[in-house]
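Peer 1: Please read through the structure below; I'll follow up with questions.
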Amino acid sequence: KVEEIIPLINNEAALKLRDAVIAKDWESYPVSTIRYRAYLEEKYAFRDQTKLLSSSSNPLIAQWRQRQMNRCASELGYFKADAIVHPPVSFEISKGCTVGCWFCGVDAPKFDHNWHYTPENALLWKDVLGVVKKQIGDCIQTGFLYWATDPLDNPDYEKFLHDFYDVTGRCPQTTTALGIKDIERTRKLLNFTRTMDAQIDRFSVLSLKTLGIIHDSFTPEELIRVECIPQNREAKGRSLKSSAGRAKKYSVKKADELNKGGFGDTIACVSGFLFNMPDREVKLVTPCQTNERWTLGYWVVAKARFKNIDELKEVLDDLVKNHMKSQLILEEKIRLRWDLKWETTASDIKLISNYLVLTFYHHKNPESLMSMLENGEYTMEEIAVTREEQDDVPMAETFYFLNELFLKGFLDEEPEPQFFEKMQMVHA
50 KVEEIIPLIN NEAALKLRDA VIAKDWESYP VSTIRYRAYL EEKYAFRDQT KLLSSSSNPL
110 IAQWRQRQMN RCASELGYFK ADAIVHPPVS FEISKGCTVG CWFCGVDAPK FDHNWHYTPE
170 NALLWKDVLG VVKKQIGDCI QTGFLYWATD PLDNPDYEKF LHDFYDVTGR CPQTTTALGI
230 KDIERTRKLL NFTRTMDAQI DRFSVLSLKT LGIIHDSFTP EELIRVECIP QNREAKGRSL
290 KSSAGRAKKY SVKKADELNK GGFGDTIACV SGFLFNMPDR EVKLVTPCQT NERWTLGYWV
350 VAKARFKNID ELKEVLDDLV KNHMKSQLIL EEKIRLRWDL KWETTASDIK LISNYLVLTF
410 YHHKNPESLM SMLENGEYTM EEIAVTREEQ DDVPMAETFY FLNELFLKGF LDEEPEPQFF
470 EKMQMVHA
């Protein structure tokens with residue numbers, strides 16, 4: 050019926066339906082539309098719960114992750130940042146991807162090979178999961194088994210998935226563009242993950258033909274916890290692609306399908322450890338605004354390889370110790386983030402990003418303070434001493450303010466190019 054469809058395709062009607070569901074004032078709506086809206090509200094609630102569950106029991110990791118979340122709010126904008134869950138870990142069990150989507154925001158390389166579930170690999174896999182769980186805590190449950198890969202490229206995906214469930218107690222979400230490649234395998238996978246109490250799995254829908262095959266091949270009951278993500282060209286208005294990764298190469302040819310905002314363009318979601326098991330490599334990553342340096346929409350803070358489980362323990366300890374500080378260090382130079390602007394009055398400081406304006410009140414000579422922060426040539430200690438000598442501001446007051454900026458994600462933590470290149474050489 051028409052009245053059942055309109056709230057699903059008309060934005061104004063959809064917002065009215067949303068408000069009605071929240072207020073439980075739904076008598077005038079068909080049951081089908083109410084159920085769909087309730088499903089969306091449950092999905093958003095699940096997303097928010099997952100974000101909370103992704104916080105590590107390791108205080109250094111938890112504080113670092115929270116700073117990245119704070120930074121993303123002002124760097125990417127609230128609505129984009131709010132949709133990013135920041136899970137602490139993800140695992141690639143293939144090298145490359147067979148799908149080759151033109152809009153791939155992480156520019157997945159062409160498929161090379163799989164990491165198969167051999168006895169040796171199975172043992173290492175379980176050990177890796179155990180070590181990561183010990184390092185980050187139960188938040189490993191919110192991790193998943195793909196990145197610049199499609200999980201169904203690996204014929205042993207279900208075995209790795211089951212081990213993840215056995216070690217962590219939770220079945221990770223599966224997102225795939227290969228759901229129709231082998232219908233029976235996909236059907237078995239959906240039944241399998243259901244037995245492990247999985248929440249929502251996702252199909253990337255690349256064409257109308259794909260969507261038709263999905264609905265012809267699976268019953269409504271089989272799809273009840275499967276989200277079909279419309280990536281097809283016809284789904285205008287709902288599937289604008291982020292201008293990141295491979296999509297940037299199509300900025301002219303596919304302009305009508307790309308987000309033209311220029312900011313907040315990233316599909317990255319992990320703030321933590323990104324593993325590639327075929328290469329036995331681990332990176333420390335976090336989402337960022339896509340730019341000329343970070344074309345994939347995420348920082349690689351550091352990376353290293355490991356030959357065995359003992360080396361992995363050392364690598365993770367080093368990554369946490371050297372890159373997840375909990376407070377500013379007196380002797381280190383500090384600077385404001387490059388994307389932030391500032392204005393001052395006689396006593397107030399206003400920080401301005403593309404999405405956020407925040408005012409800090411009651412500071413002596415704020416212009417001098419912000420000039421030192423913008424310059425980036427002063428340490429925390431030097432700034433505090435200068436303000437005490439020139440403006441009679443107690444050093445403790447300056448320390449407090451600078452740490453407040455740090456915790457809110459306003460100070461620059463972007464990896465330095467020369468340092469990152471050195472890290473690559475050391476761990477090659």
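Each position in the sequence shown, counted from 1, maps to that position plus 49 in this note's numbering. Yeah, the Cβ is synthetic: ideal placement off N, Cα and C, and Gly gets one too.
Excluding the five sequence neighbours on either side, which residues of its own chain have a C-beta within less than 6 Å of the C-beta of Met399, listed in chain order?
Peer 2: In the sequence on display, residue 399 carries Lys and not Met. These residues qualify, in order along the chain: Glu392, Thr408.
Peer 1: What does the alpha-carbon distance come out to for the pair Leu238 and Gln190?
Peer 2: In a straight line, the C-alpha of Leu238 is about 19 Å away from that of Gln190.
Peer 1: At the level of alpha carbons, what is the spacing between Glu233 and Tyr449?
Peer 2: Spanning the two alpha carbons is a distance of roughly 60 Å.
Peer 1: Look at the Cβ atom of Asp212, then the Cβ atom of Thr147, and state whether they are nearer than 8 Å.
Peer 2: For Asp212 and Thr147, no; Cβs fall outside 8 Å.
Peer 1: Just to confirm the assignment, what range does the alpha helix (DSSP H) spanning Gly179 have?
Peer 2: Start and end: 168-185.
Peer 1: Please state the DSSP three-state secondary structure of His211.
Peer 2: Looking at His211 - three-state DSSP - the assignment turns out to be helix.
Peer 1: For Glu209, which residues of its own chain have a beta-carbon under 7 Å away from its beta-carbon, when the five flanking residues on both sides are left out?
Peer 2: Per the sequence presented here, residue 209 reads as Phe, with Glu not at that position. Answer for Phe209: Ile142, Tyr166, Trp174, Leu194, listed in chain order.
Peer 1: So if DSSP puts Leu460 in a beta bridge, which residue, or which two residues, is it bridged to?
Peer 2: In the DSSP output, where bridge partners are listed per residue, Leu460 has Leu385.
Peer 1: Given a cut-off of 8 Å on the beta-carbon distance, is the pair Ile316 and Val155 in contact?
Peer 2: Contact flag set, yes.
Peer 1: Kindly indicate which residue of Tyr404, Leu405, Leu345, Ile432 has the alpha-carbon position closest to the one of Pro415.
Peer 2: Cα-wise, what sits closest to Pro415 is Ile432.
Peer 1: What separation, rounded to the nearest whole angstrom, lies between the Cα atoms of His162 and Val216?
Peer 2: When rounded, the distance between both Cα atoms is 26 Å.
Peer 1: Among all the DSSP beta bridges, which residues are the ones paired with Thr335?
Peer 2: Paired residue(s): Trp348.
Peer 1: Could you give the DSSP three-state label for Arg251: helix, strand or coil?
Peer 2: Looking at Arg251 - three-state DSSP - the assignment turns out to be strand.
Peer 1: Roughly how many angstroms separate the alpha carbons of Tyr410 and Cys220, rounded to a whole number?
Peer 2: Answer to the nearest angstrom: the Cα atoms are 47 Å apart.
Peer 1: Start and end of the alpha helix (DSSP H) containing Ser123?
Peer 2: Element bounds for Ser123: 108-125.
Peer 1: Where does Cys277 sit, in a helix, a strand or coil, going by DSSP?
Peer 2: Residue state, collapsed to three classes: strand.
Peer 1: For Asp441, which residues from the same chain have a beta carbon less than 8 Å from its beta carbon, with the 5 sequence-adjacent residues on both sides left out?
Peer 2: Hits under 8 Å: Lys413.
Peer 1: I'd like to check one pair, Leu109 with Met373: are the Cβ atoms closer than 8 Å?
Peer 2: A contact, by the Cβ cut-off of 8 Å.
Peer 1: Kindly indicate which residue of Lys65, Ser106, Leu102, Ala171 has the alpha-carbon position closest to the one of Arg86.
Peer 2: Of the listed residues, the one whose Cα sits closest to Arg86 is Lys65.
Peer 1: Which runs of the alpha helix (DSSP H) at least 4 residues long sit entirely within the region 394-451? Give them in chain order.
Peer 2: If we require 4 residues or more, the alpha helix (DSSP H) runs fully inside the region 394-451 come out as 415-424, 429-440.
Peer 1: Tell me, please, whether the CB atom of Lys290 is closer than 8 Å to any CB atom in chain C?
Peer 2: Annotation note: the requested chain C is absent from the structure, which comprises a single protein chain.
Peer 1: For Trp391, list the residues DSSP reports as bridge partners.
Peer 2: Answer is Leu400, bridged to Trp391.
Peer 1: Check for me: the alpha helix (DSSP H) holding Gly321 runs from which residue to which?
Peer 2: First-last for Gly321: 321-325, but that is the beta strand (DSSP E), not the alpha helix (DSSP H).
Peer 1: Assuming Thr344 contacts Lys297 (C-beta within less than 8 Å), just tell me the rounded distance between them.
Peer 2: Rounded, the Cβ-Cβ distance is 7 Å, consistent with contact.
Peer 1: Give the straight-line distance between the Cα atoms of Glu465 and Gly425, rounded to the nearest whole angstrom.
Peer 2: The alpha-carbon atoms of Glu465 and Gly425 are separated by roughly 13 Å.
Peer 1: DSSP three-state label for Ser160, please.
Peer 2: It is Phe, not Ser, that sits at residue 160 in the sequence shown. In the structure shown, Phe160 sits in coil (DSSP, three-state: anything other than H, G, I, E or B).
Peer 1: Assuming Phe140 is part of the alpha helix (DSSP H), what are its boundary residues?
Peer 2: Phe140 -> not in any alpha helix (DSSP H); beta strand (DSSP E) instead, spanning 138-141.
Peer 1: Rounded to the nearest angstrom, how far is the Cβ of Pro137 from that of Gly179, given a contact under 8 Å?
Peer 2: Actually they are not in contact, since the Cβ atoms of Pro137 and Gly179 sit about 15 Å apart, beyond 8 Å.
Peer 1: Kindly indicate which three-state DSSP category Arg342 falls into: helix, strand or coil?
Peer 2: Residue state, collapsed to three classes: coil.
Peer 1: Could you spell out where the alpha helix (DSSP H) holding Glu52 opens and where it closes?
Peer 2: First-last of the alpha helix (DSSP H) with Glu52: 51-58.
Peer 1: Nearest by alpha-carbon distance to Lys183: which of Glu363, Leu377, Val70 is it?
Peer 2: Closest option to Lys183, Cα to Cα, is Glu363.
Peer 1: Leu456: which of Lys356, Arg114, Thr244 sits nearest, CA to CA?
Peer 2: For the residues Lys356, Arg114, Thr244, the minimum Cα distance to Leu456 belongs to Arg114.
Peer 1: Determine contact between the region 57-72 and the region 84-103, defined as no fewer than three beta-carbon pairs at a distance below 8 Å.
Peer 2: The region 57-72, when compared against the region 84-103, does touch it at the 8 Å Cβ threshold.
Peer 1: Determine the DSSP secondary structure at Lys298, reduced to helix, strand or coil.
Peer 2: In this structure, Lys298 counts as helix in the three-state DSSP scheme.
Peer 1: Confirm, please, whether the CB-CB distance from Ile401 to Leu460 is below 8 Å.
Peer 2: Taking 8 Å as the Cβ cut-off, Leu460 and Ile401 do not qualify as a contacting pair.
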